[in-house]
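Report on the following structure.
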Amino acid sequence: MRSISRNQFICFAVISICLIVAFSRYIFGPFLFLFDDVGTDSMALFFPRMLENQYLSGLGFESWTFYRGLGQNALDQEIFNPFRWPQLLLDYKTMGKSIVYIQLAKMLAAMVFINKGFKLAGFGEKTVFIGTTAYVLSGYMMVSSGWYGHTDHMLFVAAGIYAMELLILKKQWWPLGVVLFFMFGMRVLFFLEFMVIYYFLRLPDLKSERKEHWAIIVGSVKSGLLSLLLLAPFLGTTIYNLINSPRVGGEEGKFSEMLSRPVFEFVNSDQLLTIICRTFNPDLLGGGNDFKGWNNYLEAPNHYIGLIVLLLVPQAFLLLSKRHRIIYGLITGFWLLLLIFPFFRYAFYAFAGDFYKSGVSIYLPFSMLFIGLKAFENIYTTKKINLVALAISLITCLALLYLLPNEFVNGNLRSFCTILLIVNAGLLFWLSKSKSPIPYTCIAALTLLEMTSFAFYGQSERIALKKSDLNKKVYYNDYTKEAIAYLNTIEKPFYRIEKTYGSYKGGFNDASAQNFFSTKIYDSHAHNNYVSFLRAYGLLRAEMEENTRWIMGTVSDFNVQPFLGIKYMLSTPQTEAYVWKSMYDKMKSLNGIEIYKNRYPLGFGILMDQIATKSTFNKLSDKNQKQFSLYNYAIIDEEYLDAVKNIRISNDIIVSGFFNSALIQSKYDKVLQIDRFEQESFSGKIKVESPSVLVFSMPFDPGWHASVNGKKAELIPVDFGLTGLTLESGDHQIAMDFKPPYFIQGWILFFFGLVLIYFQASNRKIPFFKSKISA
């Protein structure tokens with residue numbers, strides 16, 4: 120492996136120190152990199168998933184989990200993410216403290232990749248230093264670091280830029296395929312769009328021969344095919360989850376709304392103000408909970424990537440060649456089009472929503488950085504600068520800063536930005552007039568000071584949990600754990616629990632963090648069939664898209680709790696008023712946690728000897744009637760009527776709108792008797808008196824497979840999204856197993872992809888092929 124140069128070592132060392140300073144309150148101070156402000160996702164989503172993954176890893180390679188809502192596919196290519204592995208080995212306390220170090224490790228890795236990418240792109244060492252600093256300490260990198268997955272994406276983007284340079288210059292296509300593999304998901308679409316933009320950024324400096332460009336296109340296709348090979352075990356699951364996510368393919372998705380917007384509708388004033396302010400500083404409109412701009416602190420436009428870039432970009436259109444000016448003008452025009460007319464930004468995001476994150480807030484500032492670095496390289500080498508353009512750029516920036524409404528803008532930061540802009544302009548002028556290394560050293564030092572100061576300030580504005588909290592019985596380490604441990608000693612493997620309190624906030628992912636089965640979930644892409652079930656039975660306010668992510672489950676919907684197997688309710692003295700005493704009896708008090716037991720518990724898998732179609736169900740207008748119909752009828756889509764032709768069908772649903780304990784008790788002998796239960800496999804037996812549908816209270820998913828008495832059986836969707844199994848009369852042994860579609864075949868293709876990488880990376884020939892793999 121080639122050793123790094125002295126300049127690279129200095130670059131890496133200095134930026135590493137800057138990162139340590141920026142995150143010093145989490146490294147040396149009393150705070151955890153877990154937030155209790157607008158970045159609540161760190162505690163409400165990411166930390167619970169870490170705890171869940173740690174537990175599931177002890178069970179083996181789990182691809183389905185019942186710790187999320189009524190159950191959800193948990194398989195993705197993230198199992199290969201090396202930054203995830205250490206957390207699988209850590210306990211609760213160490214894991215909480217480790218997060219900041221793992222985030223820093225990602226940033227350092229991004230630093231190495233972007234440095235190498237800039238170097239391959241032809242920039243000199245001095246310019247590479249400025250570019251590396253700007254990328255690693257950029258506004259989006261710093262702000263989004265509290266939403267951990269975005270730091271992964273910034274790392275993969277940096278690796279992707281390096282991989283594209285290897286493709287462009289050396290025709291090595293396999294590294295880009297590996298990057299696309301790690302990046303796969305909705306964000307890979309935005310990166311693929313950026314690949315086209317990056318190609319045009321590099322186009323002025325590339326050879327004009329057609330075969331060179333054709334080789335790049337062919338290499339891009341090869342890398343895409345390689346990524347598909349590597350993704351094969353996960354591809355079906357990932358695409359299914361995305362397409363069937365309420366945010367994408369569900370009724371609450373934004374596609375129709377976004378597509379219906381006027382094409383040339385101007386950006387609103389709130390967004391425009393935010394775009395301008397966060398080009399100068401990500402916290403100019405406030406940080407964390409104090410953010411006063413459009414949307415929120417993460418999702419608002421965030422284009423800050425160094426103030427010097429604002430002065431450099433105009434120089435590129437005056438100092439560089441005509442070919443550069445034309446192409447860079449087209450790229451700049453493209454980004455302005457997206458900012459001024461939001462419809463084109465919606466199109467960039469495939470009309471999935473009104474976003475800037477993960478796409479525009481990364482690729483727009485990077486494009487400007489690249490153009491600015493081209494101008495800087497020219498100024499540094501030719502010692503020429505357009506003073507008129509520099510003066511106009513400075514005056515324009517200052518005018519924009521001081522035309523902003525005072526009531527929204529942080530005055531101290533604005534003053535600091537003013538000083539930095541003026542000093543940067545002076546240093547650029549000095550750089551153009553002097554061959555001394557001092558002007559460059561001052562520019563580099565000022566860039567480091569500026570971006571580190573901004574990063575430190577932004578992090579200090581966040582409301583973070585304290586390290587001492589890890590030693591207390593609070594949050595996910597509260598006495599809920601003892602209550603669940605007690606219930607596990609007296610109960611069978613499968614039962615669900617509801618809580619009238621949250622260990623953190625509303626407790627949406629308490630089940631993930633504390634390893635119990637419930638109905639709540641907070642996830643960016645909750646299972647659409649679960650959402651459909653909740654919507655149909657009046658358990659979800661479906662008109663609000665956020666309610667398909669922040670799902671309260673059935674904690675206050677007592678009508679359906681027996682049906683879903685809710686056997687226990689946990690409460691505290693302060694929240695026990697939310698327990699319905701007509702259904703739950705107090706069983707035990709343990710360290711301030713009140714344990715209530717359901718009088719009418721049903722299990723997992725309930726027989727229904729009557730069916731009704733969706734059209735029949737939709738005749739019901741009363742929510743209570745709809746919910747109580749769960750105990751008597753399996754609701755079937757008309758297309759599945761042939762599968763249930765032997766089961767009695769009702770043209771009218773006759774059910775009371777009032778709670779009927781006798782109705783529930785009549786189902787006690789019609790419940791699957793589970794003899795083995797694991798996350799992705801369970802079995803049991805049941806006696807069926809007449810043809811029926813066995814309804815499992817879990818989302819219908821193509822990964823689940825059933826066998827009845829040792830023979831394969833078909834599963835069907837019932838009750839607007841749950842899982843059903845048709846059974847004839849008799850005694851039956853039921854086995855259910857979860858295996859993603861084409862899972863085995865996918866792993867064969869995956870290993871073929873690894874072999875392909877080996878031969879391509881080692882420059883060897885594949886046996887049975889006459890020649891080496893073509894580059």
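Counting from 1, position 49 in the sequence shown corresponds to residue 168 in the numbering used here; the numbering is continuous, with no gaps. Idealized CB from N, CA, C, for every residue including glycine.
Query	Result
Minimum length 3: unbroken beta strand (DSSP E) runs contained in the stretch 827-886	830-832, 834-837, 841-846 and 849-857
Contact under 8 Å by Cβ, Lys-502 with Leu-438	no
For Ile-123, the three-state DSSP class (helix, strand or coil)	coil
Same chain, Cβ closer than 8 Å to Phe-888, neighbours up to 5 away in sequence not counted	Only weak support exists for where Phe-888 lies, its pLDDT of 41 falling under 50; the coordinates are left without a value.
Candidates Ser-388, His-422, Gln-390 and Trp-293: closest to Gly-343 by CA position	Trp-293
For Gly-722, the nearest candidate out of Tyr-787, Thr-270 and Ser-637 (CA to CA)	Tyr-787
Contact set for Lys-235: own chain, Cβ-Cβ below 6 Å, skip 5 residues either direction	Tyr-281
With 16 other Cβ atoms within 10 Å as the buried cut-off, status of Ile-804	One point to set straight first is that residue 804 is Lys, not Ile, in the sequence displayed. The residue is exposed, with fewer than 16 neighbouring Cβ atoms inside 10 Å.
Where the alpha helix (DSSP H) through Pro-461 begins and ends	461-467
Residues near Phe-313 in its chain [Cβ-Cβ closer than 6 Å; skip 5 each side]	Tyr-482
Residues that DSSP places opposite Met-688 in a beta bridge	Glu-617 and Tyr-715
Beta-carbon contacts of Ala-253 that lie in its chain and below 6 Å, excluding the five residues immediately before and after	Ile-424, Gly-425 and Leu-488
Inter-residue spacing [alpha-carbon to alpha-carbon] between Leu-430 and Leu-509	6 Å
Closest Cα partner of Ser-440 within the set Thr-691, Ile-490, Thr-732 and Gly-405	Ile-490
Any chain D beta carbon closer than 8 Å to Ser-264	Among the protein chains of the structure shown there is no chain D, as only one such chain exists.
Per DSSP, the bridge partner or partners of Gln-803	The question names Gln, but residue 803 is Gly in the sequence shown. Answer by DSSP bridge pairing, in chain order: Ile-793 and Ile-853.
Burial state of Arg-329, where buried means 16 or more other Cβ atoms lie within 10 Å	exposed
Where the beta strand (DSSP E) through Val-428 begins and ends	Premise fails: Val-428 lies in the alpha helix (DSSP H), 426-438, not in any beta strand (DSSP E).
Proximity below 8 Å, CB of Leu-189 to CB of Thr-638	yes
Member of Phe-303, Val-133 and Cys-137 whose CA lies at the smallest distance from the CA of Ala-574	Cys-137
Helix, strand or coil at Thr-252 [DSSP, three-state]	helix
Runs of alpha helix (DSSP H) wholly within the stretch 130-218 (minimum 4 residues, chain order)	143-146 and 166-176
Boundaries of the alpha helix (DSSP H) in which Thr-270 is found, first to last residue	267-289
Phe-152 versus Tyr-267 - alpha carbon distance	10 Å
Same chain, Cβ closer than 6 Å to Ala-334, neighbours up to 5 away in sequence not counted	Lys-290
Separation of Glu-197 from Pro-401, as counted between CA atoms	29 Å
Rounded straight-line distance, which links the Cα of Ile-616 to that of Val-774	27 Å
Close-in-space but distant-in-sequence residues of the same chain around Ile-876 (CB under 6 Å, 5 per side omitted)	Trp-293
Close beta carbons around Met-688, own chain, < 6 Å, minus the five adjacent residues each side	Glu-617, Val-698, Tyr-703 and Tyr-715
Pairwise C-alpha distance: Arg-654 and Ile-730	20 Å
Inter-residue Cα distance where the pair is Asn-628 and Leu-532	37 Å
Cβ contact (3+ pairs, closer than 8 Å) linking the stretch 812-824 and the stretch 843-858	yes
Beta-carbon contacts of Asp-597 that lie in its chain and below 6 Å, excluding the five residues immediately before and after	Ser-622
Where Ala-471 falls: helix, strand or coil (DSSP)	coil
Three-state class that DSSP yields for Leu-709 in the structure shown	strand
Integer Cβ distance of Leu-683 from Thr-673, believed to fall under 8 Å	6 Å
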